[in-house]
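Asks: Mind looking over this structure? Questions follow.
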Amino acid sequence: MEIINRKNSWVFLILCFVVGAMAEISFLHGWVGISYPIFIIFFYSLFLWRFRTKQLTHHRMGTLLLVCIWLLSLTFTLFDNVLFYALNSLLLPLLICVHLVLITSPKWLEWDRLEFVQHVFKRIGGAIHYDIRCAAVLRRKMKGRMKESTYDSMRKTLLGILFSVPILFIVINLLVSTDVHFADLIGKIPNSLLSADMVETILRSLAVFVYSLIIFGFFQVLGKRNIPTRNPQIRGEKTFFDGVSILPILVLLNVTYVLYTIIQFQYFFSGSLQDGFTYAEYARRGFFELMTVTIINLSLIIFVLNYVKQNKKIMLFIRILLTLLVLFSNVMLASAFIRLYLYEEVFGFTLARVLPHSFMLFLTVIYGFTLLKIWIERVSLLRFFFLTGIVYYTLLNMANVDRFIVDQNIARYEKTARIDIYYMNSLSYTGLDGLISLYEKEPNIHGLQQLLKERQMEEYNTLESWQSYNFTKDKVVDRLEKLSFN
Numbered sequence: 296m297e298i299i300n301r302k303n304s305w306v307f308l309i310l311c312f313v314v315g316a317m318a319e320i321s322f323l324h325g326w327v328g329i330s331y332p333i334f335i336i337f338f339y340s341l342f343l344w345r346f347r348t349k350q351l352t353h354h355r356m357g358t359l360l361l362v363c364i365w366l367l368s369l370t371f372t373l374f375d376n377v378l379f380y381a382l383n384s385l386l387l388p389l390l391i392c393v394h395l396v397l398i399t400s401p402k403w404l405e406w407d408r409l410e411f412v413q414h415v416f417k418r419i420g421g422a423i424h425y426d427i428r429c430a431a432v433l434r435r436k437m438k439g440r441m442k443e444s445t446y447d448s449m450r451k452t453l454l455g456i457l458f459s460v461p462i463l464f465i466v467i468n469l470l471v472s473t474d475v476h477f478a479d480l481i482g483k484i485p486n487s488l489l490s491a492d493m494v495e496t497i498l499r500s501l502a503v504f505v506y507s508l509i510i511f512g513f514f515q516v517l518g519k520r521n522i523p524t525r526n527p528q529i530r531g532e533k534t535f536f537d538g539v540s541i542l543p544i545l546v547l548l549n550v551t552y553v554l555y556t557i558i559q560f561q562y563f564f565s566g567s568l569q570d571g572f573t574y575a576e577y578a579r580r581g582f583f584e585l586m587t588v589t590i591i592n593l594s595l596i597i598f599v600l601n602y603v604k605q606n607k608k609i610m611l612f613i614r615i616l617l618t619l620l621v622l623f624s625n626v627m628l629a630s631a632f633i634r635l636y637l638y639e640e641v642f643g644f645t646l647a648r649v650l651p652h653s654f655m656l657f658l659t660v661i662y663g664f665t666l667l668k669i670w671i672e673r674v675s676l677l678r679f680f681f682l683t684g685i686v687y688y689t690l691l692n693m694a695n696v697d698r699f700i701v702d703q704n705i706a707r708y709e710k711t712a713r714i715d716i717y718y719m720n721s722l723s724y725t726g727l728d729g730l731i732s733l734y735e736k737e738p739n740i741h742g743l744q745q746l747l748k749e750r751q752m753e754e755y756n757t758l759e760s761w762q763s764y765n766f767t768k769d770k771v772v773d774r775l776e777k778l779s780f781n
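Start counting the sequence shown at 296; every next residue gets the next number (this note's numbering).
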């Protein structure tokens, strides 16, 4: 392979192994903390060195993505929300791939078009293909340095061992079940051949090799000049629907929403409720149904804007109906928001209740821009949706939702003397911090002292590596260790 024979490529390969080792150290030694932003620094330093002579593109969008990637990586160090930990572990690698493909792609390639999505998948697939080709080249070189008979014997031996593994697995399991002494002998063989430390070293070395190969292949493919060709036909021809056929749907929906809105104003803005319903019971009814209807409305509006024929005679009427649909959807969002707030006032604040609140605010912003799109055709909805979505998700991570939930539940306790200490404890170290503050004020809450004692004992028996350092955890554990019980 021509690219692997160049001197600079061999230097780059060595650096990839350094970053691959950093990846193994960062991600495979327990709970990930400060090691994530450190890995990001190593990773992007390698990228900048590899593409130091290449002119990067899409600077504004690239900068936004880089800021979001950096902030999301910092959440592993600053906060300890388990849900966002899992989501970011999946989302960050994808964002990094999209970011690198974007800033190394040609200027004309618009990131809010189908061509770019296809380009991203081609680059990822190309990296996998590149690694396979590298392995094939190394195999051919190894074969060239051996005698033909020696190479064939080695290949056949390895194939024989490979095919014998499943047969041996079945036979040994059957024999083990028939004789206890044979089972003991088989159980001792792994320990006598390989120590636990040796097995761990082999597995970690394999992980370094895999990480390094992935990074090397991906960067090499990004550096290739086989850029996608400009193809205006790739967007395809849109199938347009007649505006007349969509009018009855919009009219009927708006009439239905007018009736619903009148009822909502009666209940929520006059201070009265349906007979026989408490605020909590009313709040429970229909929240998710309202959210579903709101999202259906948004989907319908987007469909009309993109796939309904622009007939000048009825387009003004359609735009008015779509505007009403946006307004009614916002009324439903407000209704859902109030319902959920009433429910929280009665039963307390949880992550599953606070996140929908934030999502409703996000939908309100989306609807506001959609209203703009209804009257100004040149506005790009997809571009705005993506930008708003990535900024919303990043800000949601940085807002420390767990801290908000803890503070609201403590404030609610001061008013109602009711709190779920076990849910607070489930909010990891942020919840534990709230329980410590609560214990310092109200040490007689039932079960709280015992819960804190158990957490104190757990932390006393826990040892973690530097990779798992987390600012929130470090601060809370320090408070917990200093806590004294009567």
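Each residue gets a CB set at the ideal place from its N, CA and C atoms; glycine is no exception.
Between the C-alpha atoms of His-741 and Leu-775, what's the straight-line distance to the nearest angstrom?
Replies: Residue 741 sits at position 446 when you count from the first residue of the sequence shown. Residue 775 sits at position 480 when you count from the first residue of the sequence shown. C-alpha separation (whole angstroms): 19 Å.
Asks: Relative to the alpha-carbon of Ser-779, which residue among Gln-762, Leu-378, Met-693 and Leu-747 has its alpha-carbon at the smallest distance?
Replies: In the sequence shown, counting from the first residue as 1, residue 779 sits at position 484. For the residues Gln-762, Leu-378, Met-693 and Leu-747, the minimum Cα distance to Ser-779 belongs to Leu-747.
Asks: Can you give the Cα-Cα distance for Arg-614 and Leu-691, rounded to whole angstroms?
Replies: Here residue 614 is taken as the residue at index 319 of the sequence shown, counted from 1. Here residue 691 is taken as the residue at index 396 of the sequence shown, counted from 1. Distance between the alpha carbons of Arg-614 and Leu-691 is about 33 Å.
Asks: I believe Val-503 touches Phe-312 by the beta-carbon criterion, under 8 Å. Please report the beta-carbon distance rounded to the nearest angstrom.
Replies: Residue numbering aside, residue 503 sits at position 208 when the sequence shown is read from its first letter. Residue numbering aside, residue 312 sits at position 17 when the sequence shown is read from its first letter. Their Cβ separation, rounded to whole angstroms, is 7 Å, which keeps Val-503 and Phe-312 in contact under 8 Å.
Asks: Unbroken beta strand (DSSP E) runs of length 3 or more, entirely within the segment 697-740: which are they?
Replies: DSSP runs (the beta strand (DSSP E)) wholly in the segment 697-740: none.
Asks: Closer than 6 Å: is that where the CB of Gly-420 sits relative to any heavy atom of the ligand NAD?
Replies: Ligands are entirely absent from the displayed structure, and the ligand NAD is therefore not among its contents.
Asks: Exposed or buried, what is Leu-743 when buried is set at 16 or more other beta-carbons lying within 10 Å of its beta-carbon?
Replies: Looking up residue 743 in the sequence shown gives position 448. So Leu-743 ends up on the buried side.
Asks: Return yes when the Cβ of Val-772 is within less than 7 Å of the Cβ of Asp-728, no when it is not.
Replies: Walking along the sequence shown from the start, residue 728 turns up at place 433. Walking along the sequence shown from the start, residue 772 turns up at place 477. Cβ atoms of Asp-728 and Val-772: not closer than 7 Å.
Asks: Tell me the DSSP secondary structure of Tyr-374 in three-state form.
Replies: Here residue 374 refers to the residue found at position 79 when the sequence shown is read from its first residue. The sequence given here places Phe at residue 374; Tyr does not occur at that position. Three-state result, Phe-374: coil.
Asks: Whether or not the segment 370-386 and the segment 707-716 are in contact is what I'm after, with contact meaning three or more pairs of Cβ atoms, one per stretch, closer than 8 Å; do they touch?
Replies: no
Asks: Which residue wins for smallest C-alpha separation from Thr-618, given the options Arg-634, Tyr-552, Ser-653 and Tyr-602?
Replies: Position 323 of the sequence shown, counting from 1, holds the residue named residue 618. With distances taken between Cα atoms, Thr-618 lies closest to Tyr-552.
Asks: Checking 7 Å against the spacing of the C-beta atoms, do Val-314 and Leu-343 come in under that value?
Replies: What you label residue 314 is simply residue 19 of the sequence shown in a count that begins at 1. What you label residue 343 is simply residue 48 of the sequence shown in a count that begins at 1. In this structure, Leu-343 does not lie closer than 7 Å to Val-314 by Cβ.
Asks: Do Tyr-764 and Ile-467 count as a contact pair if the criterion is CB distance below 7 Å?
Replies: Counting from one through the sequence shown, the residue named residue 467 turns up at place 172. Counting from one through the sequence shown, the residue named residue 764 turns up at place 469. Taking C-beta atoms as the reference points, Ile-467 and Tyr-764 fail to come closer than 7 Å.
Asks: Taking its Cβ as the centre, do 16 or more other Cβ atoms sit within 10 Å of Val-396, making it buried, or is it exposed?
Replies: For this step, residue 396 is matched to residue 101 along the sequence shown. Buried, because 16 or more other Cβ atoms sit within 10 Å of the Cβ of Val-396.
Asks: With a threshold of 16 other CB atoms inside 10 Å of the CB of Glu-410, please say whether the residue is buried or exposed.
Replies: Walking along the sequence shown from the start, residue 410 turns up at place 115. Glu-410 is buried by the Cβ-count criterion.
Asks: Is there contact between the segment 320-339 and the segment 355-375, where contact requires at least three CB pairs shorter than 8 Å?
Replies: yes
Asks: With distance defined between alpha-carbon atoms, name the residue in Leu-308, Leu-616 and Ser-624 nearest to Leu-656.
Replies: As a working note, residue 656 is residue 361 in the sequence shown. The option with the nearest alpha carbon to Leu-656 is Ser-624.
Asks: Please state if the CB of Leu-616 and the CB of Leu-545 are separated by a distance shorter than 7 Å.
Replies: Locating residue 545 in the sequence shown gives position 250, where the first residue counts as 1. Locating residue 616 in the sequence shown gives position 321, where the first residue counts as 1. Taking 7 Å as the Cβ cut-off, Leu-545 and Leu-616 qualify as a contacting pair.
Asks: Please state whether the Cβ-Cβ distance between Asn-592 and Leu-620 is less than 7 Å.
Replies: As a working mapping, residue 592 is identified with position 297 in the sequence shown. As a working mapping, residue 620 is identified with position 325 in the sequence shown. In contact: Asn-592 and Leu-620 (Cβ atoms closer than 7 Å).
Asks: Starting from Ile-333, trace the alpha helix (DSSP H) both ways and give me its first and last residue.
Replies: Sequence index remark: in the sequence shown, residue 333 carries index 38 (1-based). Taken as a continuous stretch (DSSP letters only), the alpha helix (DSSP H) holding Ile-333 covers 330-345.
Asks: In angstroms with no decimal places, state the Cα-to-Cα distance between Tyr-687 and Thr-665.
Replies: Stepping through the sequence shown from its first residue, residue 687 is reached at position 392. Stepping through the sequence shown from its first residue, residue 665 is reached at position 370. If I take the Cα positions, the gap works out to 17 Å.
Asks: Report buried or exposed for Lys-768, applying the criterion of at least 16 other Cβ atoms within 10 angstroms of its Cβ.
Replies: One-based indexing of the sequence shown puts residue 768 at position 473. Flag for Lys-768 reads buried.
Asks: Quick test of your reading: Ile-661 and Thr-683, contact by CB under 8 Å. State the CB separation rounded to the nearest angstrom.
Replies: The count along the sequence shown starts at 1 and reaches residue 661 at position 366. The count along the sequence shown starts at 1 and reaches residue 683 at position 388. At roughly 7 Å, the Cβ-Cβ gap stays under 8 Å, so Ile-661 and Thr-683 are in contact.
Asks: Would you mind giving the Cβ-Cβ distance between Met-719 and Asn-695, rounded to the nearest angstrom? I have them listed as a contact below 8 Å.
Replies: As a working mapping, residue 719 is identified with position 424 in the sequence shown. As a working mapping, residue 695 is identified with position 400 in the sequence shown. At roughly 15 Å, the Cβ-Cβ gap does not stay under 8 Å, so Met-719 and Asn-695 are not in contact.
Asks: Less than 7 Å separating the beta-carbons of Gly-643 and Asp-715?
Replies: Position 348 of the sequence shown holds residue 643. Position 420 of the sequence shown holds residue 715. Yes, these two residues count as a Cβ contact at 7 Å.
Asks: Measuring only the C-alpha atoms, how far is Trp-305 from Arg-355?
Replies: Locating residue 305 in the sequence shown gives position 10, where the first residue counts as 1. Locating residue 355 in the sequence shown gives position 60, where the first residue counts as 1. Taking the straight line from one Cα to the other gives about 33 Å.
Asks: Among Val-377, Phe-458, Ile-423 and Asn-549, whose alpha-carbon lies nearest the alpha-carbon of Phe-612?
Replies: For the purposes of this step, residue 612 is taken as residue 317 along the sequence shown, with counting starting at 1. Per the Cα distances, Asn-549.
Asks: For Val-327, is the classification buried or exposed, using 16 other Cβ atoms within 10 angstroms of its Cβ as the cut-off for buried?
Replies: Walking along the sequence shown from the start, residue 327 turns up at place 32. It counts as buried.
Asks: Around the Cβ of Met-627, are there at least 16 other Cβ atoms within 10 angstroms (buried) or fewer (exposed)?
Replies: Within the sequence shown, numbered from 1, the residue matching residue 627 stands at position 332. Classification of Met-627: buried, given that the 10 Å Cβ count is 16 or more.
Asks: Please report the straight-line C-alpha distance between Gly-663 and Arg-347, rounded to a whole angstrom.
Replies: By 1-based counting over the sequence shown, the position of residue 663 is 368. By 1-based counting over the sequence shown, the position of residue 347 is 52. If you take the alpha carbons of Gly-663 and Arg-347, they lie about 42 Å apart.
Asks: Please classify Ser-448 as buried or exposed, where buried requires at least 16 other C-beta atoms within 10 Å of its C-beta.
Replies: Position 153 of the sequence shown holds residue 448. With fewer than 16 Cβ atoms within 10 Å of its Cβ, Ser-448 is classed as exposed.
Asks: By Cβ distance below 7 Å, which residues in the same chain neighbour His-324 in space, the five residues on each side in sequence not counted?
Replies: In the sequence shown, counting from the first residue as 1, residue 324 sits at position 29. Contacts found: Ser-760 and Gln-762.
Asks: Terminal residues of the continuous alpha helix (DSSP H) containing Ala-647?
Replies: Translated into positions along the sequence shown, residue 647 becomes position 352. Note, Ala-647: alpha helix (DSSP H), 646-670.
Asks: Buried or exposed, going by whether 16 or more other CB atoms sit within 10 Å of the CB of Ser-500?
Replies: The residue labelled residue 500 in the question sits at position 205 within the sequence shown. Ser-500 is exposed by the Cβ-count criterion.
Asks: Does chain D have any CB closer than 7 Å to the CB of Lys-451?
Replies: Of the protein chains in this structure there is only one, and it is not chain D.
Asks: Measure the alpha-carbon distance for Ser-507 versus Trp-670 and round it to whole angstroms.
Replies: On the sequence shown, residue 507 is found 212 positions in, with the first residue counted as 1. On the sequence shown, residue 670 is found 375 positions in, with the first residue counted as 1. One C-alpha to the other measures close to 51 Å.
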